[in-house]
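Counting from 4, one number per residue, gives the positions in the sequence shown under the working numbering. Yeah, the Cβ is synthetic: ideal placement off N, Cα and C, and Gly gets one too. Nothing here was measured: the structure is a model prediction, and the numbers come from that model.
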Amino acid sequence: MRKHPDLFKKLELLHNVSANSDIRSNSELARRLGITRQAVSRWCRGNETSPGDRIPEHLVPRLGDLYDVDPDWFSLPLDEFVSAVKNRIEDAKNGPLLKTQQISLAALPITNLTTFGRDDELAALNKLWAERSANVIQITGFGGVGKTTLLNRWLSDLSAEKYKGANRVYAWSFYWQGESSEIRTSGDFFIEHALKWFGEENPGQGSPWEKASRLAKLARSFKSLLILDGLEPLQYKPGPRTGEVENPAVSTLIKELAADNPGLCVITSRLPVVDLEPYKDGRVRTIELQNLSLDAGKAVLKDFGVKGLDGELEGAIEHYDGHPLSLSLLGGYLSVAHGGQVKKFRELKSLFHEKRMGHQAKGLMQAYLDWFKDRPECELLYLITLFEREVSLTAIQTIVAEANVEHLTSRLQKLESYEWSYCLEELKRANLITENQRGGELYLDCHPIVRDMIDSHLKESEFKVSKVGHSLFFSYLNDSSKLNPETIDELDFLFLAVSHGIKADRFREAFRLYYDRIKRGYTMLRFGSHYADQACIKSFFINDWHTPIDDLSEADRFYLLSSATTNLMSLGKLSEAMAPSLKCIEYYQKNAMWLEATNAAGPLISALIASGELAKAFSLIESLSECIANTDNAVIQAMSDNFRAYMLYLGGKKSEAGELFRSVEAVLNKYDPGEEIRFPTVSSYYCRFLLETGDEHRALERSLQTFAWRKRKAWQVKFDTTSTHASDLLVLGLIFLRIGDKINAFKALNKQVDLFRTAGEWLYLPTGLSSRARYFIKVGDIESARSDLEEALELSSRTGAVFSQWEAHLGVARLHCELGSFEEAADSLSTMKSLPGMNAYRFRDREIEKLESWIAVHA
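Below, the structure is given as structure tokens:
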């Protein structure tokens with residue numbers, strides 16, 4: 004039975020009758036709820052795992068509030084729902100109406116009315132306006148945190164309630180005048196414009212103070228709601244009077260209203276208004292906007308149509324510190340340029356040059372730079388922003404001591420120790436930097452938008468300073484980082500060093516650091532994130548992933564190309580990776596670089612298998628036979644046979660696969676391979692073969708042997724990657740599940756999903772999710788199983804991992820059978836069979852036949 008029958012028609016009716024004037028479509032409803040349009044469509048029409056006509060229980064009351072209907076009405080038959088809604092409309096028509104006499108909001112900047120994570124602030128505004136307990140509210144926060152958006156949303160909500168008794172609503176934005184307006188003049192113009200609007204016949208008469216006093220008196224004669232948006236252009240910048248309102252008329256008006264006001268004045272500004280300090284006895288209240296939470300940040304990105312896994316979305320949000328404007332710019336850029344793919348965010352160098360950043364932010368930053376010109380604060384700000392992330396004061400001071408550079412370190416070198424605190428305090432007061440005390444060390448940072456603006460300024464006006472600064476940071480990080488990193492944090496600082504080296508035009512030195520200390524000669528990343536690795540080497544390339552820069556040797560360029568394509572495949576960018584990967588293999592074969600050729604081929608073969616190209620994978624490995632033989636390396640030959648055995652098994656040739664696997668095992672179980680191991684060995688293929696051919700106890704024994712190797716750092720796992728570790732856990736979890744050890748099954752299956760996510764292994768994560776879904780189905784956690792399978796389908800369809808799609812559809816069919824939804828199960832199997840290339844994958848034939856028999860019996 005459908006929980007909310009005819010839901011699509013019910014929502015359509017609510018939109019047609021304007022039950023909520025701000026919501027006229029399912030898209031607008033989705034935006035208001037902070038979910039995707041597809042989610043609302045799924046409520047109405049269902050999909051592989053949901054029957055449709057069902058609103059999630061926790062959202063039913065919210066819809067009732069939005070449309071001003073009883074939440075229980077959604078469960079009524081359609082005719083009763085229509086009748087109830089029509090009666091509600093008639094009642095509203097006969098109710099009392101509050102008429103506002105005069106409204107002017109046109110001067111406010113146009114923003115999206117959708118807010119995310121601001122419920123508390125909206126509630127505070129409503130409470131203060133309803134209680135009339137304050138005369139002035141100032142909403143403060145760093146540029147781009149959404150002060151004006153919050154204001155517009157609040158005013159929109161108030162408009163639906165006739166502004167709750169206000170009979171004058173007037174708004175002005177000091178940014179609205181544009182950069183051609185002179186600050187003092189725009190303040191005076193506002194006073195005269197407001198006087199005229201409030202009804203004065205001679206607005207230009209008298210001094211600024213007299214005009215302000217008359218305006219305050221006029222505003223008090225009504226129940227007025229006065230909005231002053233973006234006040235900071237009229238406030239003093241860093242210095243003795245920071246935050247004071249420079250325009251005397253505006254300053255007088257604000258103080259007059261703070262002292263006595265039957266209505267309310269709302270001010271937004273980056274800086275707290277110093278003029279209001281004497282009135283903070285309750286007459287003035289401050290709402291300080293912070294950056295968004297992860298949940299709110301995800302809602303912002305999804306509102307722009309950005310798509311991706313929670314881990315990808317959270318990575319973008321954390322990268323931009325949850326800053327609303329940055330996330331909005333990011334969301335808009337990704338939706339227009341990259342089809343909403345969130346994973347593209349790591350390839351962006353700067354959002355500052357996008358037009359939507361606006362000239363106001365750049366003009367304001369230039370004002371700060373002019374203020375700090377020829378002062379140590381400017382040099383300190385340059386250094387903090389050049390470092391690209393949080394930096395310790397100790398690091399800054401070490402770099403300053405190393406070299407005397409005009410406009411970068413020369414003035415800082417002259418500071419006494421106590422004078423550093425003055426510099427920091429000035430930058431903090433300007434809201435340009437933040438500081439964080441941790442572990443006895445002071446860390447400094449600034450918002451990414453500030454960093455981009457400073458970067459733009461340096462490139463345009465101080466190009467040499469920028470190059471020298473990056474060079475100093477490259478040397479500092481190169482010298483102070485651990486020689487052979489063993490943790491993600493240690494690796495991260497070396498990534499940063501490479502980035503600074505490239506920006507300093509020290510290309511060869513940056514490459515040697517990358518090759519010797521990060522990758523240690525391998526093309527695969529042993530641990531850490533593929534995103535981080537790809538972002539690190541992006542600057543070595545020109546425009547795309549086909550052409551590394553000319554400043555390196557040919558061998559170095561192909562090494563970078565091979566590394567990039569390996570990352571691309573793990574990140575699920577198969578179409579981008581195929582051609583350059585084959586180009587690398589061809590180059591290595593041509594130059595008799597046999598080991599390099601086989602290392603480059605391994606990830607490509609795995610990717611071909613994942614994309615449903617089993618025949619192409621076979622063809623590629625056969626074409627490498629001579630190359631493999633020329634390595635004269637028994638372990639490489641064994642790994643080649645390991646791939647062949649796995650592909651034979653996938654094709655349904657279990658007997659041939661078993662024989663080849665056993666020959667591979669003979670090599671892997673040697674005490675000493677007699678070869679240098681510079682590539683990962685794969686055990687999960689054989690363990691999975693044992694499990695799925697019915698020998699679960701041998702599978703468990705062999706799987707535990709792999710982990711024993713890992714524990715004692717045996718040669719078999721000398722080169723251990725996150726992907727191989729996660730794959731081993733995946734199979735171990737399935738083995739535990741088969742033998743009935745549900746506790747250990749969950750631990751292993753949960754951990755492998757986390758590892759795939761952390762490393763950005765989007766090509767293989769869907770298989771991990773489908774595997775964990777098996778556990779959830781087994782223990783009866785249907786919602787978790789459905790969630791994993793939906794994510795696996797979404798991700799695999801975006802990456803082109805047809806094999807993973809096939810597995811996920813099989814999991815969905817299994818889930819529907821468990822639920823008794825046999826028609827839906829049949830549909831899933833039909834979709835699975837229609838996927839291109841998957842008729843070559845025969846290893847699940849027996850399981851599919853069982854499901855088909857189960858469905859046939861119940862059909």
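For residue i, which three-state DSSP category applies?
| i | result |
| --- | --- |
| Asp75 | helix |
| Val248 | strand |
| Thr117 | coil |
| Pro59 | coil |
| Glu291 | strand |
| Lys576 | coil |
| Tyr562 | helix |
| Ser107 | strand |
| Tyr323 | coil |
| Arg171 | strand |
| Lys240 | coil |
| Val148 | coil |
| Ser686 | coil |
| Val394 | strand |
| Thr490 | coil |
| Ile608 | helix |
| Phe355 | Below a pLDDT of 50, predicted positions are generally treated as unreliable, and Phe355, at 43, falls in that range; no measurement from the model is reported. |
| Met456 | helix |
| Ala613 | helix |
| Leu598 | helix |
| Val805 | helix |
| Glu182 | The predicted model places Glu182 with a pLDDT of 33, which falls under 50 and marks its position as unreliable, so this point remains unresolved. |
| Asn90 | helix |
| Met841 | helix |
Going by C-alpha distance, which of the options is nearest residue i?
| i | options | result |
| --- | --- | --- |
| Glu280 | Ala262, Gly266, Thr271 | Ala262 |
| His700 | Ala669, Asp744, Ser658, Glu124 | Asp744 |
| Lys89 | His18, Gly149, Leu153 | His18 |
| Ser622 | Glu213, Asn747, Thr634, Ile608 | Ile608 |
| Arg775 | His341, Arg801, Gly803, Leu818 | Leu818 |
| Ser224 | Leu231, Val276, Ala197, Asn264 | Asn264 |
| Glu428 | Ser687, Leu447, Arg441, Gly442 | Leu447 |
| Ile785 | Leu108, Phe477, Arg705, Val815 | Val815 |
| Ile230 | Gly49, Ile194, His533 | Ile194 |
| Glu393 | Tyr323, Ser565, Pro676 | Tyr323 |
| Thr526 | Leu555, Leu598, Phe544 | Leu598 |
| Arg27 | Arg849, Tyr70, Glu438, Cys268 | Tyr70 |
Given a cut-off of 8 Å, decide if residue j and residue i are closer than it, judged by their beta-carbon atoms.
| i | j | result |
| --- | --- | --- |
| Leu218 | Leu274 | no |
| Trp718 | Ile680 | yes |
| Phe749 | Tyr778 | yes |
| Glu444 | Thr397 | yes |
| Ala299 | Phe119 | yes |
| Ala648 | Leu663 | yes |
| Ser484 | Phe498 | no |
| Val20 | Ile92 | yes |
| Leu81 | Asp9 | yes |
| Gly840 | Gly615 | yes |
| Val756 | Gly771 | yes |
| Ile140 | Leu131 | yes |
| Leu297 | Leu798 | no |
| Gly266 | Ala222 | yes |
| Ile457 | Tyr562 | no |
When DSSP builds the beta bridges, which residues end up paired with residue i?
| i | result |
| --- | --- |
| Pro551 | Phe544 |
| Ile270 | Gln141, Leu231 |
| Ser444 | Note that residue 444 is Glu in the sequence shown here, rather than Ser. Answer is Arg441. |
| Gln344 | Lys310 |
| Ser176 | Asp232 |
Should the stretch 498-515 be regarded as contacting the stretch 734-746, the criterion being three or more beta carbon pairs within less than 8 Å?
no
Please confirm if the stretch 508-522 is in contact with the stretch 380-398, defined as three or more CB-CB distances below 8 Å between the two stretches.
no
State whether the stretch 599-609 contacts the stretch 566-577, with contact taken as three or more CB pairs (one from each stretch) at a distance under 8 Å.
yes
So, do the stretch 288-302 and the stretch 141-161 have three or more beta carbon pairs nearer to each other than 8 Å?
yes
With three or more C-beta pairs closer than 8 Å as the rule, is the stretch 155-166 touching the stretch 117-136?
yes
Flag this pair as touching only if the stretch 546-555 and the stretch 576-583 have three or more C-beta atom pairs under 8 Å; answer yes or no.
yes
Between the stretch 824-842 and the stretch 795-810, are three or more C-beta pairs nearer than 8 Å?
yes
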